[in-house]
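**Q**
Protein chains: 2
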Amino acid sequence: MRDAAFCTSSCTMTRTMGVLGGKWKLIIISYLGQRRVRFGQLAQRLSLISRKVLTEQLKELEEDGIIRREAFAELPPRVDYSLTERGLALLPILDQLCAWHGPVAPVEEVRQTAGAGQVPA
Amino acid sequence: MRDAAFCTSSCTMTRTMGVLGGKWKLIIISYLGQRRVRFGQLAQRLSLISRKVLTEQLKELEEDGIIRREAFAELPPRVDYSLTERGLALLPILDQLCAWHGPVAPVEEVRQTAGAGQVPA
DNA sequence: GCCGTTAGTTACGCGAAGGTAACCAGTTTT
DNA sequence: AAAACTGGTTACCTTCGCGTAACTAACGGC
Numbered sequence: 075m076r077d078a079a080f081c082t083s084s085c086t087m088t089r090t091m092g093v094l095g096g097k098w099k100l101i102i103i104s105y106l107g108q109r110r111v112r113f114g115q116l117a118q119r120l121s122l123i124s125r126k127v128l129t130e131q132l133k134e135l136e137e138d139g140i141i142r143r144e145a146f147a148e149l150p151p152r153v154d155y156s157l158t159e160r161g162l163a164l165l166p167i168l169d170q171l172c173a174w175h176g177p178v179a180p181v182e183e184v185r186q187t188a189g190a191g192q193v194p195a
Numbered sequence: 075m076r077d078a079a080f081c082t083s084s085c086t087m088t089r090t091m092g093v094l095g096g097k098w099k100l101i102i103i104s105y106l107g108q109r110r111v112r113f114g115q116l117a118q119r120l121s122l123i124s125r126k127v128l129t130e131q132l133k134e135l136e137e138d139g140i141i142r143r144e145a146f147a148e149l150p151p152r153v154d155y156s157l158t159e160r161g162l163a164l165l166p167i168l169d170q171l172c173a174w175h176g177p178v179a180p181v182e183e184v185r186q187t188a189g190a191g192q193v194p195a
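Sequences listed follow chains A and B, in order. For our numbering, count along the first sequence from 1 and bump the result up by 74. For our numbering, count along the second sequence from 1 and bump the result up by 74.
(1) To be precise: take each residue of the region 114-127 of chain A, compare its Cβ to all Cβ atoms of chain B, and keep it if any distance is under 8 Å. Which residues remain?
(2) Does glutamine 108 (chain A) get closer than 9 Å to chain B when you measure Cβ to Cβ?
(3) Hey, would you say serine 156 (chain A) sits closer than 9 Å to leucine 94 (chain A), going by beta carbons?
(4) Note down the Cα distance separating glutamate 159 (chain A) from leucine 149 (chain B), rounded to an integer number of angstroms.
(5) Assuming leucine 128 (chain A) contacts leucine 135 (chain A) under a Cβ cut-off of 8 Å, what Cβ separation, rounded to an integer in Å, is found between them?
(6) Apply the 10 Å Cβ neighbour rule to serine 104 (chain B) and answer buried if 16 or more other Cβ atoms are within range, or exposed otherwise.
(7) From glycine 115 (chain B) to isoleucine 102 (chain B), what does the alpha carbon distance come to, in whole angstroms?
(8) What is the DSSP secondary structure of leucine 157 (chain B), reduced to helix, strand or coil?
(9) Mind checking who phenylalanine 113 (chain A) pairs with in its DSSP beta bridge?
(10) Going straight from the alpha carbon of glutamine 118 (chain A) to that of arginine 125 (chain A), what length do you get?
(11) Could you say which of B:Ile123, B:Met87 and B:Cys81 lies nearest to valine 83 (chain A) if we only look at CA atoms?
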């Protein structure tokens, strides 16, 4: 997404889709949850997303102030991603979306058992 | 969307995106709101969507039980679209999404002033 | 000096999503 | 008899999202 026509529309829903639209954004946000996650970890867990697209989406999300990127001058390099306040504010809404779709609520589950071998995507 | 890999994912957010993902779905749902709208009216208002794609999306939304399609054997033909209960249940969530994105909340506005020349898309 | 590590970037190319425009049915209007 | 109206469908073509794979930087270990 990131379509100019979307972002300048007079309809808020359309503008919102300009920021959150696209296959991956909500999934990334929902996976991040309240945690700080390294890039490699994201890439492993969200294996349906190619590395290239993942970095693109992360960059856009960062530009939109939804996630925070922290790069450390370590060796080997390390980059942590986490939600900003703005991003965190989305979580309860996403939970409602998930609850709407399925009776089960595995987003919580994925977030909580995140080290246990779940395959979120 | 409607990607098989999405719909069978173990992550609810991903499965949810399988149904609601795509540029247009949430916009159509949000535009429908509580009203019954004729096809031509939808096509006019959501002018960013081509007729072809609009019919495709409407068909998918109907298959997923989110909207209801009522065709009348009138002349000229008439088809009304409206949200099912499942679809209506999404509205408060979408309103929250819009509220999250912009301080203004024009989805309500668009729904309420729907005859007054708004251009929702 | 070569490999491995992490976090990317770049070039290349496919396939699906989407736009355009023509066409259809069936009846009233002109 | 032709045009117009509604709600589509279809063929055709273009665009772009996305995947694959190779490559980079900068350092530690062998």
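C-beta atoms are modelled at their ideal positions from N, C-alpha and C, and glycine is treated no differently.
**A** With the structure as the only source:
(1) Legend: CB atoms of the region 114-127 of chain A lying less than 8 Å from CB atoms of chain B belong to residues Leu122.
(2) Interface with chain B (9 Å Cβ-Cβ cutoff): glutamine 108 (chain A) is excluded.
(3) Pairing serine 156 (chain A) with leucine 94 (chain A) gives a Cβ-Cβ distance that is not under 9 Å.
(4) Linking glutamate 159 (chain A) to leucine 149 (chain B) through their CA atoms gives a straight-line distance of about 54 Å.
(5) Wrong, their Cβ atoms sit about 11 Å apart, outside the cutoff.
(6) Of the residues assessed, serine 104 (chain B) falls on the buried side of the cut-off, its CB having 16 or more other CB atoms within 10 angstroms.
(7) It is worth fixing the name first, because residue 115 (chain B) is glutamine in this sequence and not glycine. A straight line joining the alpha-carbon of glutamine 115 (chain B) with that of isoleucine 102 (chain B) spans about 12 Å.
(8) Leucine 157 (chain B): strand per DSSP, three-state reduction.
(9) Phenylalanine 113 (chain A) is not bridged to any residue.
(10) Put simply, the backbone Cα of glutamine 118 (chain A) is about 9 Å away from that of arginine 125 (chain A).
(11) The sequence shown places serine at residue 83 (chain A), not valine. If we check each option's Cα against that of serine 83 (chain A), B:Ile123 comes out closest.
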